[in-house]
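Each remark here refers to the structure printed beneath this line.
Protein chains: 2
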Amino acid sequence: MRKDLLSDGLTMPSQGDNNRKRPSIYEVAERSGVSISTVSRVINNNGRISGATRKRVKEAIKEVGYITNTAAKSLRMSKSKTVGVIVPDISDGWLSAVVSALEGFLFEKGYSTFICNSARDESKEETYFSTLDAKYVDGIICVAGLSSFPIDVLTRDVALVCIDRRPEGLKTYYSVESDHFEGGYLAATELADAGCRHIAFISRSRKLSTNLLRYEGFRQALLERDMNCDNLLVEIDDRMPSAEASQAGMGKLLDSGCQVDGVFATNDWRALGAISALVDRGLRVPQDVRVVGFDDSAIASAMRPSLTSIRQDIEGIAREATDLLIALMERAILSGSGKRIVLPVKLIRRESSMSVTSAPRANDI
Amino acid sequence: MRKDLLSDGLTMPSQGDNNRKRPSIYEVAERSGVSISTVSRVINNNGRISGATRKRVKEAIKEVGYITNTAAKSLRMSKSKTVGVIVPDISDGWLSAVVSALEGFLFEKGYSTFICNSARDESKEETYFSTLDAKYVDGIICVAGLSSFPIDVLTRDVALVCIDRRPEGLKTYYSVESDHFEGGYLAATELADAGCRHIAFISRSRKLSTNLLRYEGFRQALLERDMNCDNLLVEIDDRMPSAEASQAGMGKLLDSGCQVDGVFATNDWRALGAISALVDRGLRVPQDVRVVGFDDSAIASAMRPSLTSIRQDIEGIAREATDLLIALMERAILSGSGKRIVLPVKLIRRESSMSVTSAPRANDI
DNA sequence: ATGAAAGCGCTAACAC
DNA sequence: GTGTTAGCGCTTTCAT
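Going line by line, the protein sequences match chains A and B.
Just so we're aligned, residue 229 is where the first sequence starts under our numbering, counting upward by one.
Just so we're aligned, residue 229 is where the second sequence starts under our numbering, counting upward by one.
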């Protein structure tokens with residue numbers, strides 16, 4: 229039995245300082261003259277309760293300002309209505325858009341989202357996995373990141389869904405990703421069809437599954453046209469901001485004397501950086517060099533020349549991932565089978581890849 | 229007494245399915261032959277414990293794969309080593325940079341961060357305040373957002389720090405912000421000194437304290453030069469992406485026949501949008517119109533022409549805010565006094581505001 | 001339809 | 001230096 233029930237049944241706003249204890253179901257129970265189990269039933273809407281008591285309890289809840297203590301609830305239930313999202317860089321435009329969409333959908337479903345920024349640091353990622361585990365999250369979504377996977381730190385079997393990541397070492401897993409191969413293929417086709425013959429490929433590490441797939445699609449399209457541009461691969465420094473690193477990498481390639489008339493960059497920022505390098509050397513886009521980016525982020529339509537880009541269906545990805553995760557968490561599907569969902573991509577054509585004649589406002593020459 | 233202690237002292241990896249219960253301090257205690265309080269003491273490093281037991285307990289922890297249950301700990305301690313960060317739009321470049329920095333600093337200090345995306349929705353923000361409260365977070369950082377403040381939903385007095393937000397209705401509060409007035413002043417000065425006489429001001433709602441302050445600084449600089457540009461204020465639609473909305477707003481202003489030779493936009497994306505509108509109408513930057521943005525985000529240096537911008541000290545802001553919050557949470561300072569920290573800003577000069585003669589690569593005319 | 005009581009995993013006061 | 005025990009707020013049998 230609790231010894232600390234308030235004698236007068238009031239919350240007693242403790243004049244002076246305001247470290248009043250928050251009201252629990254005990255206060256609600258006392259105030260409405262029922263037992264705590266009844267209060268619990270009212271709150272969670274289960275069991276049969278007479279309309280009268282339900283009403284009284286609800287009033288009492290309002291009056292004392294009751295709010296459920298999720299720590300106690302999680303402890304009792306071994307679950308928390310919370311999911312963790314692990315992401316390598318929360319300040320990256322594309323990633324934060326995905327995270328934002330995920331959070332929105334999960335919120336709709338009544339889940340809170342723990343967003344964890346691994347800062348591309350494996351040990352930090354591992355710490356976060358462990359923290360999420362300790363916090364009893366019901367599920368985890370991993371967005372992008374390395375293929376190595378610290379699955380062994382998990383002590384329970386939590387629901388797990390990956391986006392743009394293929395965890396190695398797991399026999400089965402659930403994942404959602406865009407059709408990166410097709411994206412690379414579309415980009416190369418666009419450039420080749422516009423007449424480009426010397427197409428540079430700019431990416432961060434091709435060890436990431438997404439970049440590798442884009443590269444393979446790109447290469448496939450070129451092979452079909454008997455082209456080979458393997459001497460124009462630029463792998464940029466990942467410790468610099470995308471645009472800056474890309475500008476440096478592209479600059480180096482150009483200064484080394486390579487002939488380039490097309491560029492496919494694996495994101496829009498890298499495309500922008502490449503364009504800066506081109507412009508700084510007196511080359512014009514799209515007249516001298518055509519460029520295609522990836523993601524169709526806000527910058528693609530905002531910049532001048534506007535940027536042709538491969539659009540990924542962010543909303544779709546987030547929707548599929550949350551649906552999958554929720555099904556997993558609610559045991560609607562078995563967690564052993566594994567599944568990979570691949571979403572289509574789409575080329576959005578803009579100025580940067582247009583043929584000269586159709587480019588508007590071209591008042592040069 | 230617990231009845232469910234494992235009889236053999238092993239975690240028994242339950243062949244077949246893996247819904248083994250996670251080990252608690254009871255399992256650790258049994259395995260190392262001590263009591264649970266000793267285990268607790270070892271874990272939390274308090275009380276005097278012999279080296280031998282400490283060692284044995286630590287081994288047992290490893291062996292059974294113990295991980296502390298934070299729900300139980302929070303319940304017991306009424307705190308969670310967790311803070312909430314509420315932000316209007318996690319996919320906004322500047323905001324996500326701030327959030328990223330906050331998260332990094334808090335992680336260093338051993339705090340987990342709950343990132344809450346209010347999506348500029350007041351009721352969602354309120355829900356999040358309540359959720360954070362229920363989750364026993366030790367502190368909350370609010371980044372940007374409206375001046376109205378749902379403080380009444382909080383049932384405990386949690387530590388609270390605002391960034392770029394001035395909550396009305398609170399007698400005292402702690403806040404950190406850039407010197408927005410100075411930022412506006414610097415921008416206007418830069419443009420006016422370069423010879424601009426008709427300077428447009430582009431912002432989202434001037435109801436936000438940050439925008440209002442920037443505007444006032446801007447206006448002050450103009451007044452000192454006997455200039456008045458109140459006919460060139462553009463307040464853009466906040467339901468569209470920044471760049472797009474700004475492009476539309478700027479386009480409308482230009483098409484209405486107003487003469488414009490300078491633009492101050494309250495962020496870099498809006499500056500970019502404005503430039504697009506200018507370029508699309510055959511105006512050149514900086515030759516015909518000079519432009520200054522705000523934030524010095526990645527895009528400012530990456531775009532062409534590169535963008536002059538007012539740099540805010542993101543790291544500094546995040547550092548001050550976390551220091552303040554931690555002091556508040558650990559009662560190192562009283563939560564009644566209130567404090568506002570203002571950090572300096574800095575103008576970063578680039579091509580978009582340079583005088584024509586000094587602009588490189590100007591091969592027009 | 002409602003109440004009593006056990007127990008989730010943990011910390012801390014109190015014993016020895 | 002270590003063990004015993006109460007209780008944080010909640011859900012959930014098991015009674016009635």
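Note that the Cβ used here is the ideal one computed from N, Cα and C, for glycine as well.
I'd like to know whether the C-beta atoms of residue i and residue j end up nearer to each other than 8 Å.
| i | j | result |
| --- | --- | --- |
| Ala652 of chain A | Phe522 of chain A | Beyond the ends of chain A as shown, which are 229 and 593, falls residue 652 of chain A; an answer cannot be given. |
| Ile545 of chain A | Val326 of chain A | yes |
| Asp489 of chain B | Arg447 of chain B | no |
| Arg434 of chain B | Tyr443 of chain B | yes |
| Ile318 of chain A | Ser525 of chain B | no |
| Ala387 of chain A | Met531 of chain A | no |
| Ala299 of chain B | Tyr364 of chain A | yes |
| Tyr356 of chain A | Cys344 of chain A | yes |
| Phe409 of chain B | Gly445 of chain B | yes |
| Leu571 of chain A | Asp407 of chain A | yes |
| Leu450 of chain B | Ala471 of chain B | no |
| Ser376 of chain B | Ser437 of chain B | no |
Mind checking if residue i is an interface residue toward chain A, Cβ cutoff 8 Å exclusive?
| i | result |
| --- | --- |
| Tyr364 of chain B | yes |
| Arg577 of chain B | no |
| Glu472 of chain B | yes |
| Ser581 of chain B | no |
| Gly332 of chain B | yes |
| Val327 of chain B | yes |
| Thr296 of chain B | yes |
Would you say residue i faces chain B, with C-beta separation under 8 Å as the test?
| i | result |
| --- | --- |
| Ser302 of chain A | yes |
| Ala587 of chain A | Because the pLDDT at Ala587 of chain A is just 44, under 50, the model does not fix this residue reliably, and the point stays unresolved. |
| Ile343 of chain A | yes |
| Ser324 of chain A | yes |
| Asp361 of chain A | yes |
| Asn456 of chain A | no |
| Pro395 of chain A | no |
| Pro378 of chain A | no |
| Ala347 of chain A | yes |
| Asp232 of chain A | Low confidence applies to Asp232 of chain A: its pLDDT is 44, below 50, so where it sits in the model is not reliable enough to give any reading. |
| Met240 of chain A | Unreliable placement is indicated for Met240 of chain A, whose pLDDT of 32 sits below 50; the coordinate value is still reported in the next sentence. Chain B, which has no Cβ nearer than 8 Å to the Cβ of Met240 of chain A, makes this no. |
| Pro469 of chain A | yes |
| Ala299 of chain A | yes |
| Ser340 of chain A | yes |
| Ser537 of chain A | no |
So the candidates are the options; which of them puts its Cα closest to the Cα of residue i?
| i | options | result |
| --- | --- | --- |
| Ser260 of chain B | B:Asn272, B:Ala280, B:Lys249 and B:Asn273 | B:Ala280 |
| Ile217 of chain B | B:Ala300, B:Thr400 and B:Lys363 | What is shown of chain B runs 229 to 593, which leaves residue 217 of chain B out entirely. |
| Phe333 of chain A | A:Arg559, A:Met582 and A:Glu548 | A:Glu548 |
| Ser583 of chain A | A:Asp458, A:Asp516 and A:Ile527 | A:Asp516 |
| Asn456 of chain B | B:Gly373, B:Ser278 and B:Ala428 | B:Ala428 |
| Gly338 of chain B | B:Ile527, B:Glu543, B:Lys309 and B:Trp497 | B:Lys309 |
| Ala502 of chain B | B:Met305, B:Glu336 and B:Ala476 | B:Ala476 |
| Val513 of chain A | A:Leu461, A:Ile253, A:Asp366 and A:Ser580 | A:Ser580 |
| Glu350 of chain A | A:Lys283, A:Ser268 and A:Pro316 | A:Pro316 |
| Ser346 of chain B | A:Gly510, A:Phe335, A:Gly321 and A:Arg282 | A:Phe335 |
| Ser537 of chain A | A:Gly293, A:Lys574, A:Ala505 and A:Arg559 | A:Lys574 |
| Val256 of chain B | B:Ile295, B:Asn273 and B:Ser278 | B:Ile295 |
| Lys286 of chain A | A:Ser306, A:Ser302, A:Leu461 and A:Glu258 | A:Glu258 |
Which residues bound the alpha helix (DSSP H) around residue i?
| i | result |
| --- | --- |
| Tyr413 of chain A | His408 to Asp421 |
| Leu382 of chain B | Element bounds for Leu382 of chain B: n/a, residue is neither H nor E. |
| Ser431 of chain A | Element bounds for Ser431 of chain A: not the alpha helix (DSSP H) but the beta strand (DSSP E), Ile427 to Ser431. |
| Val326 of chain B | Gly321 to Glu336 |
| Gly293 of chain B | Segment: none, Gly293 of chain B is in no alpha helix (DSSP H) and carries neither H nor E. |
What residue range does the beta strand (DSSP E) around residue i cover?
| i | result |
| --- | --- |
| Asn345 of chain A | Ser340 to Asn345 |
| Leu463 of chain B | The identity of residue 463 of chain B in the sequence shown is Glu, whereas the question assumes Leu. Start and end: Leu461 to Glu463. |
| Asp564 of chain A | One detail in the question is off: residue 564 of chain A reads as Gly in this sequence, not Asp. Gly564 of chain A -> no beta strand (DSSP E), and no H or E assigned at all. |
| Thr310 of chain A | Thr310 to Val315 |
| Lys574 of chain A | Lys574 to Ile576 |
With 9 Å as the limit, tell me which residues of the stretch 524-535 of chain A have their beta carbon closer than that to any beta carbon of chain B; keep them in chain order.
-> Ala526, Ile527, Ser529, Ala530, Met531, Arg532 and Ser534
Note down, in chain order, all residues in the stretch 481-514 of chain A with a beta-carbon under 8 Å from any beta-carbon belonging to chain B.
-> Trp497, Leu500, Gly501, Ile503, Ser504, Val507, Asp508 and Gly510
Residues of the stretch 422-433 of chain A with a CB closer than 9 Å to any CB of chain B: list them in chain order, please.
-> none
Contact set between the stretch 541-575 of chain A and chain B, restricted to residues whose Cβ is under 8 Å from the partner = none
Relative to chain A, which residues along the stretch 388-421 of chain B have a C-beta separation below 7 Å, given in chain order?
-> none
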